[in-house]
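Colleague: Heads up: the sequence shown is residues 1 to 202, going by UniProt numbering.
Glycine included, each C-beta is placed from N, C-alpha and C at the ideal position.
Treat the numbers as computed from the prediction; the structure is a model and nothing was measured.
Input: one structure, supplied below.
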Amino acid sequence: MDFYKNLLYTLSEVLFGFALSVLFGIIVGYCIGKHPHIKQLSMPLLVFFQVSPKIALIPIFIIWFGLGYGSKLFIVFIMSFFPIIEGVLLGLGHIPKEMYAYMQVLNADRRQIFTQLEFPCCIPYLLSSFKISILQAIIGATVAEWMAGQSGIGYLQSFASSTFDSPLLISGILFTILLGILLYAAVNLLEQRLQRYQEVKQ
């Protein structure tokens, strides 16, 4: 078995699924945060998905969407999607109303309010949510591959377990941990760089 090919397969699932969760998480989170009625209606659903055991839902997703790459991608997306929404909602919720009043005094339009006030204020909360989200993405990918994968690190671990191949199993576990550490460190580095940039800009 090509170990590194399977590692790259898992990495592509994690990064692509995470990227989709960031894109749609920001859009959905912003829409919820800016419309009180939508927020009121959606909060019970968000709480339900946050507290529900998503790993227990993975077999259902596999039955619905099959064994291919797309089903793993969807699982990664679901696992990492909701922390992004929470980050956006926290960021919007911590913007003082006086700041909006100040932007109105400056005759700022909707785009300027978003780019100059809302998005910058959301960045610290988003980056914190990225750390949670990227780890959730790795968990989702490896568990899905373990349960019903044909490629990936999770599949290798499942195969090694069924064939009593301890070296391969331990290698898979260690590389999964290493992948989590590296991706978490990358997000942490991005957070530090942006913090320095904002300090210099101020």
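Please classify K97 as buried or exposed, where buried requires at least 16 neighbouring CB atoms within 10 angstroms.
Modeller: Exposed, by the Cβ-count rule.
Colleague: How big is the Cα-Cα spacing for C122 and G91?
Modeller: Roughly 4 Å between the two C-alpha positions.
Colleague: Which term fits K5, buried or exposed, when burial requires 16 or more other beta carbons within 10 angstroms of its beta carbon?
Modeller: It is exposed - the Cβ of K5 has fewer than 16 other Cβ atoms within 10 Å.
Colleague: Determine the closest residue to I27 out of I153, L194, P167, L126, with distance taken between C-alpha atoms.
Modeller: The candidate whose alpha carbon is nearest that of I27 is L126.
Colleague: Under a Cβ-count criterion, where at least 16 other Cβ atoms within 10 Å of its own Cβ denotes burial, should G149 be classed as buried or exposed?
Modeller: Burial call: buried.
Colleague: For G154, count neighbouring C-beta atoms within 10 Å of its own C-beta (all shown protein chains included) and say buried if the count is 16 or more, exposed if not.
Modeller: So G154 counts as buried.
Colleague: L89 to F49, Cα distance in whole Å?
Modeller: So the two alpha carbons sit approximately 16 Å from each other.
Colleague: Take residue 248 as the anchor and find which of L183, H94, M147, G93 has the nearest alpha-carbon.
Modeller: What is shown of the chain runs 1 to 202, which leaves residue 248 out entirely.
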